[in-house]
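>
In my numbering, the protein residues as written are 542 to 752.
1) With DSSP as the reference, label residue 710 as helix, strand or coil.
2) Mind checking residue 741: buried by the 16 CB within 10 Å criterion, or exposed?
3) Quick one, which of 659, 642, 717 has its alpha-carbon nearest residue 729's?
4) For residue 841, which residues from the same chain have a beta carbon less than 6 Å from its beta carbon, with the 5 sequence-adjacent residues on both sides left out?
5) Is the stretch 696-715 close to the stretch 646-664, with three or more CB pairs under 8 Å?
6) Is the beta carbon of residue 688 sitting closer than 8 Å to the one on residue 707?
7) For the candidate residues 710, 703, 736, whose alpha-carbon lies nearest to that of residue 721?
8) What is the C-beta distance between residue 739 and residue 648, in whole angstroms, given that I count them as a contact (C-beta under 8 Å)?
9) If residue 632 sits next to residue 556, beta carbons under 8 Å apart, how far is it from one beta carbon to the other, in whole angstroms?
10) Identify the continuous beta strand (DSSP E) that holds residue 695 and give its terminal residues.
11) Tell me which residue opens and which closes the alpha helix (DSSP H) that residue 654 is part of.
12) Would you mind reading off the limits of the alpha helix (DSSP H) that contains residue 642?
13) Report the residue from 747, 679, 652, 566 whose alpha carbon sits nearest the alpha carbon of residue 665.
14) Distance check for residue 673 and residue 566, CA to CA, integer angstroms please.
15) Can you have a look at residue 695 and say buried or exposed, based on whether 16 or more other CB atoms are within 10 angstroms of its CB?
16) Can you tell me whether residue 630 is helix, strand or coil according to DSSP?
17) To the nearest angstrom, how far is it from the Cα of residue 620 to the Cα of residue 718?
18) Helix, strand or coil: how does DSSP classify residue 739 here?
19) Rounded to a whole number of angstroms, what is the C-alpha to C-alpha distance between residue 605 and residue 685?
20) Using the beta-carbon count (16 or more within 10 Å), is residue 612 buried or exposed?
Structure representation (structure tokens):
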């Protein structure tokens, strides 16, 4: 089986937008098939039919993206890491390919990741740093073997934002609970999550497997 050397973040973006594309394709096909029936939203039946077409299109998009994921993930260079990132983004059914044995330097270089990320309003101020079995958030340093984390989506009025809740023992042996707000970090989409998955698999408690 030929290995795909595509960037992990690129593949996740392809899978995310493929769901929308597959939904649109299904919608066009269904509307074409239904067009011969003089479809007009003039009564309740036509309204229910329209809702049915929208629902079928959405289901088609989900199944299409899941099928594409099953084709791409096993052929990727880092299938387990890619699959866990897909799981966290709700892309396809949770399945696991590959193993946790990979080289840290290689995966960082192959995916052009940065180990130090900066505050979005101050590009000179480092906010999050990954250094093998250590992680530093602002001025607090933690060991991965005592670091617990969980990715969640938090409602903020009509909008939602990604937050990473964590608990760990810092360099002064103090137990700390805090949140990492992705909106404050100057990073590409899913870059922070990808870095957490990589270091969690190599040095941490493998919390990524809960997704």
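Glycine included, C-beta positions come from ideal geometry on N, C-alpha and C.
Per the coordinate set shown:
1) strand
2) buried
3) 659
4) Because the chain in this structure spans residues 542 to 752, residue 841 falls outside the shown range and cannot be described.
5) Taking 8 Å as the limit for Cβ pairs, the verdict is that the stretch 646-664 does not touch the stretch 696-715.
6) yes
7) 703
8) 6 Å
9) 5 Å
10) 689-697 is the span of the beta strand (DSSP E), which, as asked, contains residue 695.
11) Here residue 654 belongs to no alpha helix (DSSP H), and DSSP marks it neither H nor E.
12) First-last for residue 642: undefined, no H or E at that position.
13) Among 747, 679, 652, 566, the Cα nearest to that of residue 665 belongs to 679.
14) Near 44 Å, if we compare the C-alpha coordinates of residue 673 and residue 566.
15) exposed
16) Three-state result, residue 630: coil.
17) 31 Å
18) The three-state reading of DSSP puts residue 739 in helix, counting H, G and I together.
19) Rounded to the nearest angstrom, the two C-alpha atoms are 37 Å apart.
20) A residue is called buried when at least 16 other Cβ atoms come within 10 angstroms of its Cβ; residue 612 does not meet this threshold and is exposed.
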